[in-house]
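Below is one structure, written out as structure tokens; comments come after it.
Numbering (the numbering used here), first residue to last: 530 to 975.
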């Protein structure tokens, strides 16, 4: 549907032949897909900048409920189930949009698709700013989620077109690291903005940012390196599901998808949903102090992405880099679940969790290595379905846990949070066990 809408609007048409230059990955010469004729290095810089900008926005909107969670509960009279559902609505939207977005990537390319989705991102942010109830908040986050549905996977598709296979994980780690600016913005800066102009005013400002980024993405980004053959095809609606079938039938991919289901979700439930309330209810931190901790977690993610993202080239293995990192993340969740911690130890455990959970670029490169170029869009987004489904499920399930325990005057019981961490640890352990059965993907031939 998205691909058909874009084609109808004229956004998905191939551009006329422009200036041909040598591509980053030395692909054959052909038609560039952008109307702006620029040298390859300029287009490459535009690609990195704009893909990073879209992922920054996506990360901000994902994480924004964590630091202002108590304020949302207060201002909108939310129950924990309602907050969990509203946060999960974002990921449900990502889930339902993945197949049509993947089709649009393969049909008209990421450039027009992301620009189109930015309209929804802008509208959803405005609705978030004017939400008056839990239902309104959930609807707003659902629309924002639709708008963010192509952000990260557009980067996966574009990087796989612009860079050679052995460099994918490193290039993805750069994108993931820069995306953490969104986590930074959703931490202390959002807390300050909430204090100064209110969380509603902050989301009005982010709506303007989303509109600007969408416009610039459409103007500056190329679907392929100058000189390469255009990858966008002319598949019909049947091709959508045939492509998905081919993706799921790919040998060895299901065990990787099984791990992808919980790898990010187990960390996201902490960093995007429960870290703020946990620090408020158990340790009594105010919005600024909570923002500082979340800012530190975002910094840990950034350092972890940069450090872990290139390890597959050093050790020539993607599987075992992901396994080792996930094992450390699992131990940090078990520590948070096992015993009530003082504030310094709790913050330390959250930081270790943030750094060790930053193996996403390695895992995404492992997934992408299974698919040929003509299935790049549907392969990336079909894989992403596992991630967003797991994230939505864990966010929703953990939202029911606090009601199982008696609450104190300061908020939810510490035992409730220990149970949340235990459920997340169990989910990660099961996913890791499934992943151990997968075949390794090596950046270089042995």
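Positions of the beta carbon are idealized from the N, C-alpha and C atoms, including for glycine.
Query                                                                                                             : Result
Heavy atom of the ligand NAP within 7 Å of residue 892 beta-carbon                                                : This structure lacks the ligand NAP, and indeed carries no ligand of any kind.
Span of the alpha helix (DSSP H), counted from its first residue to its last, around residue 895                  : 889-897
Separation of residue 933 from residue 708, as counted between CA atoms                                           : 36 Å
Residue nearest to residue 923 in terms of C-alpha spacing, selected from 825, 954, 692 and 805                   : 954
Whole-number beta carbon distance between residue 608 and residue 781, since they are thought to touch under 8 Å  : 43 Å between Cβ atoms; not a contact.
Extent of the continuous alpha helix (DSSP H) run through residue 841                                             : 840-844
Test item: CB-CB of residue 841 and residue 972 under 8 Å                                                         : yes
Three-state class that DSSP yields for residue 940 in the structure shown                                         : strand
Exposure of residue 771, with buried meaning 16 or more beta-carbon neighbours within 10 Å                        : exposed
As assigned by DSSP and simplified to three states, the class of residue 662                                      : coil
Three-way DSSP call (helix, strand, coil) for residue 679 in this model                                           : coil
Extent of the continuous alpha helix (DSSP H) run through residue 600                                             : 598-605
Whole-angstrom distance between residue 625 and residue 754, CA atom to CA atom                                   : 30 Å
Of the listed residues 921, 685, 906 and 603, nearest to residue 622 (C-alpha basis)                              : 921
Whole-angstrom distance between residue 897 and residue 633, CA atom to CA atom                                   : 18 Å
Where residue 639 sits in the DSSP three-state scheme                                                             : helix
Inter-residue Cα distance where the pair is residue 599 and residue 805                                           : 8 Å
Buried versus exposed call for residue 619 [16 or more other C-beta atoms within 10 Å across all chains shown]    : buried
Helix, strand or coil at residue 752 according to DSSP, with G and I counted as helix                             : coil
Cβ-based burial, residue 815 [other Cβ within 10 Å; buried from 16]                                               : exposed
Whole-angstrom distance between residue 857 and residue 809, CA atom to CA atom                                   : 25 Å
Alpha-carbon to alpha-carbon, residue 861 and residue 881                                                         : 7 Å
8 Å Cβ shell around residue 944 - same chain, five flanking residues per side excluded                            : 934
Start and end residues, alpha helix (DSSP H) containing residue 933                                               : It is not in any alpha helix (DSSP H) - residue 933 carries neither H nor E in the DSSP assignment.
Residue 603, buried or exposed, once every other Cβ within 10 Å from all chains shown has been counted against 16 : exposed
Per-residue burial, residue 956 [other beta carbons within 10 Å of its own, 16 or more giving buried]             : buried
DSSP-derived helix/strand/coil call for residue 973                                                               : coil
Delimiting residues of the alpha helix (DSSP H) encompassing residue 608                                          : Here residue 608 belongs to no alpha helix (DSSP H), and DSSP marks it neither H nor E.
Whole alpha helix (DSSP H) elements within the stretch 795-877, 4-residue minimum                                 : 804-810, 816-838, 840-844 and 848-867
Where residue 900 sits in the DSSP three-state scheme                                                             : coil
Three-state secondary structure assigned by DSSP to residue 977                                                   : Absent from the model: residue 977. The displayed extent of the chain is 530 to 975, so no value can be given.
Bounding residues of the alpha helix (DSSP H) (the contiguous stretch that carries residue 705)                   : 697-714
Residue 970 to residue 664 span [Cα, whole Å]                                                                     : 43 Å
Touch test, the stretch 724-736 against the stretch 904-915, Cβ-Cβ under 8 Å, three pairs minimum                 : no
Rounded distance between the beta-carbons of residue 612 and residue 601, thought under 8 Å                       : 6 Å
Given 8 Å, three or more beta-carbon pairs between the stretch 639-646 and the stretch 666-685                    : yes
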